[in-house]
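Same order as they appear, the protein sequences are chains H and Y.
The first sequence begins at 17 in my numbering and counts up one residue at a time.
The second sequence begins at 49 in my numbering and counts up one residue at a time.
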Amino acid sequence: MSDDELTLYPWRKRVKTLPKSFKNPIVNIIRVGHIPKLASTRERIRENLGINRKPPTAYQDEKARLELKELVKGTDLYDKAMWDERDE
Amino acid sequence: MKETSRDQQMTRNYALFLGCYIPSMQPFAEASLRRIAPLLKMKLIDMEGATCCPVPEIVRLVDYDAWLFVSARNLALAESEGEDILALCNGCWETLHEAREAIVSDPELLTEVNSHLSLFDKRLEGKIKVKHFLEVIVEDVGLQSLKASIKKPLSNLKVGVQYGCKLYKSPESKFVSYFDNIIETLGVKAIEYGAEKLCCGFPLSLYSLDEAMEERAKFKLAKMQEAKVDCMVTACPGCFDVLEKAQLLLKRQGLHYEIPMLSLTELMALSLGFRPEEIGVDTHRVKTDALIAKLGMEGN
């Protein structure tokens, strides 16, 4: 959170210790590129609706996932969420 | 009703930013948008390799720089297509719009961001805009064009509108008015239920879903039930997700709301003549049978 934002929204606080519930969404963003993993049931629903089984995003683009991971490596986000995660 | 000079328009291109929840949890919102887009002269260009915007309620709070860098990468993807972003999700609009404003207004920050993006042969200049779906429909497509495309007026439908908090962050809350304008154009009756401005609880749900249901969703759902809406309509996948989960989980407390939910793109697709099963209205976790029956759209 920027200093400007803290002035604009005084009730917002910087997150110093990562809340437990934030860990999985962040790990998913870093690994999958998105918060929810794509369940096979949803893939089937997508296919039945006539759209790509996998969305045309990082869900089907390994290069994009690696880019995101590289981009956030060394930031607090990565360090706070990934310190006890195995590198995949 | 807002008129625009673009009502007699040609096809316009948009870089479609899907976000996380829509493609993975609510594909009916994506499918309905893809169905109606050609009818409204919108060409959607997929942003291949796009990631989470990233979600402001978590990533911006934990690490502002990481939030900026990931947003910048997504913005750069759209910029490489040379098209404005169409954000279908309130949260994605907030992140991409605010990150763009922060980066483009600060030359030093722009240089720093680009030094990170250059590692992946990407660059951001701030040439493109980030547009919310509501903004695109009202300002680019035009309400007259929308009205002219209606094939099945849904005038017997009473809806409770769930705007979502982020719409109030648009200049002078204009997106809230745009939502009303679209509902009015579709001929649907919006029922005042008295908790329109209350947050659905989505940001709180990322910390504790139980608290979000108790402190936010329960009250909102009860107000809609009292107002006897036929369904709830929202343009925010976060609101959709938490209010849907709340309806399913609060049954454990004996609370049965049974309020069918529609994303705005689904409501528009139904108005534009698509059948519920074509756009996935029948795949929702909260049953939509009664709604479909009310619309006289049962069976094939």
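Each residue gets a CB set at the ideal place from its N, CA and C atoms; glycine is no exception.
Judged by DSSP in its simplified three-state form, I327(Y) adopts helix.
Cβ atoms of L87(Y) and L320(Y) come within 8 Å of each other, at about 6 Å. Considering only G208(Y), K200(Y), R108(Y), the residue with the shortest C-alpha distance to K245(Y) is G208(Y).
Residue pairing from DSSP leaves V152(Y) without any beta-bridge partner. The continuous beta strand (DSSP E) containing M90(Y) extends over residues 90–94. Flagged as an interface residue toward chain Y: Y75(H), by a C-beta distance shorter than 8 Å. At a cut-off of 8 Å between C-beta atoms, E83(H) counts as an interface residue with respect to chain Y.
In the structure shown, N68(H) falls within a coil segment according to DSSP collapsed to helix, strand and coil. Note that the segment 43–52 of chain H touches the segment 76–87 of chain H; at least 3 beta-carbon pairs, one per stretch, sit closer than 8 Å. Taking CB atoms only, V43(H) has no neighbour in chain Y less than 8 Å away. Any Cβ of chain Y closer than 8 Å to the Cβ of D100(H) would place that residue at the interface, and such an atom is absent.
T282(Y) sits in a strand when the DSSP states are folded into three classes.
One alpha carbon belongs to E149(Y), the other to I106(Y), and they sit about 20 Å apart.
For a Cβ distance threshold of 7 Å, residue set I61 of chain H lies close to T331(Y), ordered along the chain. With 16 or more neighbouring CB atoms inside 10 Å of its own CB, Y75(H) falls in the buried class.
Taken in chain order, the members of the segment 255–281 of chain Y whose beta-carbon sits within less than 8 Å of a beta-carbon on chain H are Y255, S256. Taking a Cβ-Cβ threshold of 7 Å, the residues of chain Y close to T91(H) are D111, D113, A114, in chain order. Contact annotation for R82(Y) against chain H: I67 [CB-CB distance below 7 Å, chain order]. Just so you know, the alpha carbons of G190(Y) and E101(H) end up roughly 49 Å apart. Interface flag for R58(H) against chain Y is set, since a Cβ pair is found closer than 8 Å. Counting along the chain, the unbroken alpha helix (DSSP H) around Q273(Y) starts and ends at 266–274. With a threshold of 8 Å between beta carbons, G328(Y) makes contact with chain H.
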